[in-house]
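Under the working numbering, residues 74 to 230 are what the sequence shown spells out, in order.
Beta carbons: idealized from backbone N, C-alpha and C, even for Gly.
Because the structure is a prediction, the values reported are computed rather than measured.
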Amino acid sequence: MTNFKLRIKHPSGAEFEAEGPAELILSEKNSFLSSLGQPAQAPQLPAREQAQWATITENTRAGLRLKTKHPELKADAAALILLAAGKYLNNTQEISAMALAKAIKSSGYAPGRLDRLLAKANKEGLLTASGTKRSRAYQVTDRGAERAWLEARKLAG
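Below, the structure is given as structure tokens:
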């Protein structure tokens, strides 16, 4: 009988390795892949919360932007709101730095360097940054989405 060996590295970080007859490897591989399940989907918000994001932000051809510039809102909080609104309205997990800078500017803010603007939020765990220089992308965390939602409620109400 011939022994086979199979090694799989899943993008989530999970690893699988099996050695033995082909039937055993296939059955173990199928159970491993089924145990991983599907990637987590963005949570569906109730209509009331989704309407709140829609009252503050709008989708244009240029991308997501805030409808009005609020005097008490700073550029870093506006960026957090835009990231959270993109996550919940457009189901986009990550937004590139260039697209986010464009959205902030079209919302009426002059952010300067985005990496310096969002450094504090990144250290506080409100968002994560991946990539370097021109290929940088930002993703809001659950904690950041909560803070953005509180800021958005203040602005809407």
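Report the three-state DSSP secondary structure of residue i (helix, strand or coil).
i	result
residue 200	strand
residue 169	strand
residue 161	helix
residue 210	strand
residue 104	helix
residue 185	coil
residue 190	helix
residue 87	coil
residue 109	helix
residue 180	coil
residue 147	coil
Would residue i be called buried (16 or more neighbouring beta carbons within 10 Å of its own) or exposed?
i	result
residue 208	exposed
residue 160	buried
residue 173	buried
residue 217	buried
residue 215	exposed
residue 220	buried
residue 224	buried
residue 226	exposed
residue 104	exposed
Let me make sure I understand the geometry here. Which of the options has the alpha-carbon closest to that of residue i?
i	options	result
residue 211	88, 109, 226 and 192	192
residue 110	94, 95 and 84	84
residue 187	206, 88 and 198	206
residue 261	183, 165 and 153	Given a span of 74 to 230 for the chain in the structure shown, any question on residue 261 remains unanswerable.
residue 162	107, 136, 179 and 108	136
residue 201	179, 124 and 170	170
residue 97	130, 175 and 76	76
residue 106	89, 228 and 94	89
residue 204	190, 180, 167 and 181	167
residue 183	142, 195 and 156	142
residue 69	145, 155 and 132	Because the chain is modelled from 74 through 230, residue 69 falls outside the range shown and cannot be assessed.
Can you tell me which residues form a DSSP beta bridge with residue i?
i	result
residue 92	78
residue 139	130
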